[in-house]
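In this note's numbering, the protein residues as written are 3 to 49.
Just so it is clear, CB atoms sit at the ideal spot from N, CA and C, and this is done for glycine as well.
As the structure is a prediction and not an experimental result, all values here were calculated from the model.
Single-structure report; data block below.
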Amino acid sequence: MARERSPERDKAKQMWLESGGTMKLKDIAAALSIGETQDRKWKFQDK
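Laid out in structure tokens, this is it:
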């Protein structure tokens, strides 16, 4: 059985979309208290 999707993942995507794609991933990661690497991985997987 797969793990439940992190709610932080959806928040990160929404923040990035609302900024028009201009918000830096490291700023999103800092705002959500997640690692920068995790944020980049989610962006790549959600393409």
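Three-state secondary structure assigned by DSSP to Glu-6: Within the sequence shown, numbered from 1, the residue matching residue 6 stands at position 4. Of the three classes helix, strand and coil, the one that applies to Glu-6 here is coil, per DSSP.
Three-state secondary structure assigned by DSSP to Met-1: Examination of residue 1 is not possible in this model, given that the chain is present from 3 through 49 alone.
Terminal residues of the alpha helix (DSSP H) in which Asp-41 lies: The residue labelled residue 41 in the question sits at position 39 within the sequence shown. Counting along the chain, the alpha helix (DSSP H) containing Asp-41 begins and ends at 38–47.
Whether Lys-15 touches Lys-45 by CB criterion (9 Å): On the sequence shown, residue 15 is found 13 positions in, with the first residue counted as 1. On the sequence shown, residue 45 is found 43 positions in, with the first residue counted as 1. It is a contact, given that the beta carbons lie within the stated cut-off.
Cβ-based burial, Asp-41 [other Cβ within 10 Å; buried from 16]: Counted from its first residue, the sequence shown places residue 41 at position 39. Asp-41 should be labelled buried.
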